[in-house]
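Read the structure below first, then the notes.
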Amino acid sequence: MIVGILLYQVLMEMTWSDYRGTAPKLKKNQYEDDEEAEEGGTTKVSPPLLATLSIFLLGYALYQSVLTNSSHSCNPNHANKGRWVPLNPCLARTQLDRNFNTMNYLFSCKTQCSTLNTTEQWAWPEDTCGFHYHSGSELRLKLQERRIVFIGDSSVRKLYHSFCRFAGDLTAGGYEGTSTSHSDASTSFGSTSLEFKWAPLSVDIITKIKSTKASFSREREGGPDIIIAGGGVWDKLHLSVTDEDQSSQEETIKTLASELKSMRKMFEASVVWFVPPIINTVALNSDEKRSQISEGNIEEMRRMYHELGVPQSASFILDGPHFTQDRVSDSFDGVHYPNHVYDAGSQIVLNALDQLWGGDMNKSIITRSYLPATSSLINPYLGMMMLCFVLIGLFYFDGYFGVGYLAQFFVKKMSLSPSELYKDAFDHHPVSTAQDQTSKVEYNESVGLTGRSSS
Numbered sequence: 001m002i003v004g005i006l007l008y009q010v011l012m013e014m015t016w017s018d019y020r021g022t023a024p025k026l027k028k029n030q031y032e033d034d035e036e037a038e039e040g041g042t043t044k045v046s047p048p049l050l051a052t053l054s055i056f057l058l059g060y061a062l063y064q065s066v067l068t069n070s071s072h073s074c075n076p077n078h079a080n081k082g083r084w085v086p087l088n089p090c091l092a093r094t095q096l097d098r099n100f101n102t103m104n105y106l107f108s109c110k111t112q113c114s115t116l117n118t119t120e121q122w123a124w125p126e127d128t129c130g131f132h133y134h135s136g137s138e139l140r141l142k143l144q145e146r147r148i149v150f151i152g153d154s155s156v157r158k159l160y161h162s163f164c165r166f167a168g169d170l171t172a173g174g175y176e177g178t179s180t181s182h183s184d185a186s187t188s189f190g191s192t193s194l195e196f197k198w199a200p201l202s203v204d205i206i207t208k209i210k211s212t213k214a215s216f217s218r219e220r221e222g223g224p225d226i227i228i229a230g231g232g233v234w235d236k237l238h239l240s241v242t243d244e245d246q247s248s249q250e251e252t253i254k255t256l257a258s259e260l261k262s263m264r265k266m267f268e269a270s271v272v273w274f275v276p277p278i279i280n281t282v283a284l285n286s287d288e289k290r291s292q293i294s295e296g297n298i299e300e301m302r303r304m305y306h307e308l309g310v311p312q313s314a315s316f317i318l319d320g321p322h323f324t325q326d327r328v329s330d331s332f333d334g335v336h337y338p339n340h341v342y343d344a345g346s347q348i349v350l351n352a353l354d355q356l357w358g359g360d361m362n363k364s365i366i367t368r369s370y371l372p373a374t375s376s377l378i379n380p381y382l383g384m385m386m387l388c389f390v391l392i393g394l395f396y397f398d399g400y401f402g403v404g405y406l407a408q409f410f411v412k413k414m415s416l417s418p419s420e421l422y423k424d425a426f427d428h429h430p431v432s433t434a435q436d437q438t439s440k441v442e443y444n445e446s447v448g449l450t451g452r453s454s455s
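The opening residue of the sequence shown carries number 1 in our numbering; numbering runs sequentially from there.
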C-alpha cells in the first residue's frame with residue numbers, strides 16, 4: 001500500500017505540469033475577460049489512468065506472489081520439517097509460542113524448575129505456515145464427531161496412546177504387558193472415537209483394512225475420517241528370510257498400497273502412513289533382531305515400501321526417521337521411544353491435518369488466532385474494494401474517499417470540490433498592488449458618475 005502511494009505521487013509529479021497546462025486559465029484580475037484554452041482530453045486523463053493501472057498491476061502481482069508462496073511453502077509434508085530444540089520448559093508460554101511455535105507440555109514448572117534447566121522439545125522455529133503446538137482442548141475441538149482408526153504395529157500403538165493422552169487420558173501408554181499391547185483397543189472422548197487395530201505384519205494391515213471397510217458398510221454409517229497406518233519392522237523380522245519370501249512380500253506391499261487408495265476413495269478419509277522410526281541397533285535385545293532388523297535392513301524396507309507405492313497412496317507421510325534421528329539414544333529397546341517422542345509425532349499429524357483440511361469448513365478447523373497462516377489472509381474481494389477507494393482518490397483528487405465533496409452542500413456560492421482546490425493550490429495568484437487599488441477606486445468612481453448621470 002505504501003509503495004502504491006509513493007508510485008501515485010511520483011506519477012502525479014511527473015505528469016501534473018502537462019495535465020495542469022490543459023486546464024482553463026484563470027483571470028489575473030476582475031477586469032480581464034475569461035480566456036479558456038482548449039483542454040486536451042488524453043493529456044488530462046492519462047495521469048490518473050497510469051497511476052490506477054500501475055497500482056492495479058502491483059496489487060495483482062503481490063496477490064499472485066502470495067498464492068504461489070503459500071502453495072509451494074506450505075503443504076502437509078512440511079509439517080515434518082521441525083526439529084528438537086533445547087528449551088527451558090519454564091519460559092513463559094507466550095515466549096515459547098512466539099519464538100519456537102511450541103509450548104511446555106512435558107513438565108510441571110512448579111515442581112521441576114529448581115532442578116531442571118533445559119529439555120529438548122519438538123518445535124518449528126523457522127516456521128512460516130502456522131505450525132504450532134495443539135493443546136488437548138484444541139485437539140478435542142478439531143476432532144469432534146470424528147473417527148480415527150490406527151492400524152499397525154507397536155509404533156502405531158504408541159501413536160494411538162499419544163492421541164489419547166492429548167485427548168485427556170494421561171495414563172495412556174503406561175505398562176500393559178504383552179497380552180494387552182498385542183491386541184485391539186478403542187476409546188472415546190466426547191464425540192471423538194479412537195480405535196487401534198493390532199496389525200504387526202503388512203498382510204495383517206490388509207486384513208484389518210478390509211474388515212474395517214466391511215464393518216462400516218454393514219453399519220451404514222460414516223466411515224473413519226482419519227486412518228493412521230504403519231508397519232514394516234515385523235515383516236523384516238519374520239518374512240524376509242528367503243528370496244521367495246521377498247517376492248511374496250513385494251506382492252503384499254502392492255496390495256497394501258491398493259487398499260490404502262481404496263480407503264481414501266471409499267470414505268473420503270485422510271490416510272496417514274507412519275514410516276518406521278530409526279532403529280537403535282545396539283540396543284536391540286537379541287542377536288536375531290540385531291541381524292534381521294538393524295537400521296540398515298529397515299532402511300531397505302522403507303525404500304521398498306516407497307518404490308512399491310505405499311507412501312504415495314497416503315494423504316500424508318509421517319516421517320518417523322526425521323523426528324527420531326536426534327533421539328536414537330533414547331530408544332530403550334532399539335525399537336520403541338519414550339512417550340514424548342511420539343507426542344511430537346502426534347503434533348506433526350495434527351498440523352498436517354490443518355493443511356489437509358484447510359479448505360473444508362466442515363472439518364472443525366482450528367485456526368491460530370494470534371498468528372494465522374499467510375494464505376488465510378487473502379481475500380480478493382477486499383482487495384478490489386481497496387482498489388476502488390484508490391480509484392476515487394485518483395480521479396477525484398480526494399484523499400478522504402469522497403467525504404471532501406460534502407462541503408459543497410453547505411457552501412453554494414463557491415466551488416469547493418477537492419479537484420478545484422487542488423488546482424487552485426498550484427495556480428499563480430498575483431499580489432494586489434497600490435496601482436491596482438487606485439485603478440479599482442477610479443473604476444468605482446466612474447461607475448458611480450455614470451450611474452448618476454443616467455439617472
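Backbone N, C-alpha and C fix where the C-beta goes; we use that ideal spot for every residue, glycine too.
These figures come from a predicted structure and were not determined experimentally.
Put F389 into one of helix, strand or coil per three-state DSSP. Your numbering for residue 389 matches position 389 in the sequence shown. Here F389 sits in helix by DSSP.
Determine the burial state of Q144: buried for a count of at least 16 other Cβ atoms within 10 Å of its Cβ, exposed for fewer. By one-based count along the sequence shown, residue 144 stands at place 144. A residue is called buried once 16 or more other Cβ atoms fall within 10 Å of its Cβ, and Q144, having fewer, is exposed.
What residue from S193, L239, L53 and D204 has the CA that sits closest to D225's CA? Counting from 1 along the sequence shown, the entry for residue 225 is found at position 225. Closest by alpha carbon: S193.
Check whether the region 184-202 and the region 316-332 touch, using three or more Cβ-Cβ pairs below 8 Å as the test. The answer is no - the region 316-332 does not touch the region 184-202, with fewer than three Cβ pairs under 8 Å.
Got a sec? Which residues, its chain only, sit under 6 Å from L353 by beta carbon, not counting five neighbours each side? Position 353 of the sequence shown, counting from 1, holds the residue named residue 353. None.
Using beta-carbon positions only, say whether V203 and A257 come within less than 9 Å of one another. Locating residue 203 in the sequence shown gives position 203, where the first residue counts as 1. Locating residue 257 in the sequence shown gives position 257, where the first residue counts as 1. No, the Cβ-Cβ distance between V203 and A257 is not below 9 Å.
For Q355, report the span of its alpha helix (DSSP H) as first-last. Taking the first residue of the sequence shown as 1, we reach residue 355 at position 355. The continuous alpha helix (DSSP H) containing Q355 extends over residues N339 to L356.
For N77, is the classification buried or exposed, using 16 other Cβ atoms within 10 angstroms of its Cβ as the cut-off for buried? Counting from one through the sequence shown, the residue named residue 77 turns up at place 77. It is exposed - the Cβ of N77 has fewer than 16 other Cβ atoms within 10 Å.
Straight-line gap, W122 to T281 (C-alpha atoms, nearest Å): As a working mapping, residue 122 is identified with position 122 in the sequence shown. As a working mapping, residue 281 is identified with position 281 in the sequence shown. Rounded to the nearest angstrom, the two C-alpha atoms are 23 Å apart.
Nearest-angstrom Cβ-Cβ length linking M263 and I206, presumed shorter than 8 Å: The count along the sequence shown starts at 1 and reaches residue 263 at position 263. The count along the sequence shown starts at 1 and reaches residue 206 at position 206. In fact, because the Cβ distance is near 11 Å, the residues do not count as touching under 8 Å.
DSSP on G230, reduced to helix/strand/coil? Stepping through the sequence shown from its first residue, residue 230 is reached at position 230. Under the three-state reduction of DSSP output, G230 falls in the strand class.
Measure the beta-carbon distance from G296 to G230 and round it to whole angstroms, keeping in mind my assumption that it falls under 8 Å. Here residue 296 corresponds to residue number 296 of the sequence shown, with the count starting at 1. Here residue 230 corresponds to residue number 230 of the sequence shown, with the count starting at 1. Going by Cβ atoms, the distance from G296 to G230 rounds to 20 Å, so no, they are not a contact pair.
I believe N339 touches S162 by the beta-carbon criterion, under 8 Å. Please report the beta-carbon distance rounded to the nearest angstrom. Reading the sequence shown from its first residue, position 339 is the one you call residue 339. Reading the sequence shown from its first residue, position 162 is the one you call residue 162. Sure, about 7 Å apart at Cβ, within 8 Å.
Could you tell me the alpha carbon to alpha carbon distance between M301 and E307, rounded to whole angstroms? By one-based count along the sequence shown, residue 301 stands at place 301. By one-based count along the sequence shown, residue 307 stands at place 307. Our two residues, M301 and E307, have alpha carbons roughly 10 Å apart in a direct line.
Give me whichever residues DSSP pairs with E120 in a beta bridge. Position 120 of the sequence shown, counted from the start, is the residue given in the question as residue 120. Note: E120 sits in a beta bridge opposite P86.
Can you give me the start and stop residues for the alpha helix (DSSP H) that R290 sits inside? As a first step, residue 290 must be located in the sequence shown, where it is residue number 290. First-last of the alpha helix (DSSP H) with R290: D287 to Q292.
Would you check if the distance between the CB atom of D343 and the CB atom of R140 is smaller than 9 Å? Taking the first residue of the sequence shown as 1, we reach residue 343 at position 343. Taking the first residue of the sequence shown as 1, we reach residue 140 at position 140. No; because the gap between Cβ atoms is not below 9 Å, this pair is not in contact.
Quick one: Cα of Q292 to Cα of R147, how far? Counting from 1 along the sequence shown, the entry for residue 292 is found at position 292. Counting from 1 along the sequence shown, the entry for residue 147 is found at position 147. About 36 Å.
Just reading off the alpha helix (DSSP H) that S154 is part of, what are its end residues? Along the sequence shown, read from residue 1 onward, the residue named residue 154 stands at position 154. Here the alpha helix (DSSP H) through S154 covers S154 to A167.
If you measure between the beta carbons of G174 and F131, is that distance less than 9 Å? Reading the sequence shown from its first residue, position 174 is the one you call residue 174. Reading the sequence shown from its first residue, position 131 is the one you call residue 131. No. Outside cutoff.
P276 to V335, Cα distance in whole Å? Here residue 276 refers to the residue found at position 276 when the sequence shown is read from its first residue. Here residue 335 refers to the residue found at position 335 when the sequence shown is read from its first residue. Spanning the two alpha carbons is a distance of roughly 9 Å.
Apply the 10 Å Cβ neighbour rule to L87 and answer buried if 16 or more other Cβ atoms are within range, or exposed otherwise. Residue numbering aside, residue 87 sits at position 87 when the sequence shown is read from its first letter. With 16 or more Cβ atoms within 10 Å of its Cβ, L87 is classed as buried.
For F267, is the classification buried or exposed, using 16 other Cβ atoms within 10 angstroms of its Cβ as the cut-off for buried? For the purposes of this step, residue 267 is taken as residue 267 along the sequence shown, with counting starting at 1. A residue is called buried when at least 16 other Cβ atoms come within 10 angstroms of its Cβ; F267 meets this threshold and is buried.
Over the uninterrupted beta strand (DSSP E) stretch that includes F274, give me the two end residues. Working through the sequence shown from its first residue, we reach residue 274 at position 274. F274 -> beta strand (DSSP E) spans S270 to F274.
To the nearest angstrom, how far is the alpha carbon of I279 from that of S215? Mapped onto the sequence shown, residue 279 falls at position 279. Mapped onto the sequence shown, residue 215 falls at position 215. Rounded to whole angstroms, I279 and S215 show a C-alpha spacing of 35 Å.
Looking at E299 and L237, is the spacing between their C-beta atoms short of 9 Å? For the purposes of this step, residue 237 is taken as the residue at position 237 of the sequence shown. For the purposes of this step, residue 299 is taken as the residue at position 299 of the sequence shown. One thing to note: L237 has its Cβ no nearer than 9 Å to the Cβ of E299.
Identify which residue in K254, H134 and F274 has its Cα closest to the Cα of T324. Residue numbering aside, residue 324 sits at position 324 when the sequence shown is read from its first letter. The shortest Cα separation from T324 among K254, H134 and F274 belongs to F274.
Go through its chain and collect everything with a Cβ distance to G345's Cβ below 8 Å, but skip five positions before and after it. Here residue 345 refers to the residue found at position 345 of the sequence shown. Closer than 8 Å at Cβ, skipping near neighbours: L159, S162, F274, L318, G320 and F323.
Helix, strand or coil: which one does DSSP assign to E300? Here residue 300 refers to the residue found at position 300 of the sequence shown. Of the three classes helix, strand and coil, the one that applies to E300 here is helix, per DSSP.
Taking 9 Å as the threshold (C-beta atoms), are G136 and A167 in contact? Your numbering for residue 167 matches position 167 in the sequence shown. Your numbering for residue 136 matches position 136 in the sequence shown. Taking 9 Å as the Cβ cut-off, A167 and G136 qualify as a contacting pair.
Can you give me the Cβ contacts of A269 inside the same chain, cut-off strictly under 7 Å, excluding the 5 residues immediately before and after it? Taking the sequence shown and counting its residues from 1, the one referred to as residue 269 is at position 269. Counting only residues of its own chain and dropping the five nearest sequence neighbours on each side, A269 has a CB closer than 7 Å to the CB of G223, P224, D225, I226, I227 and M263.
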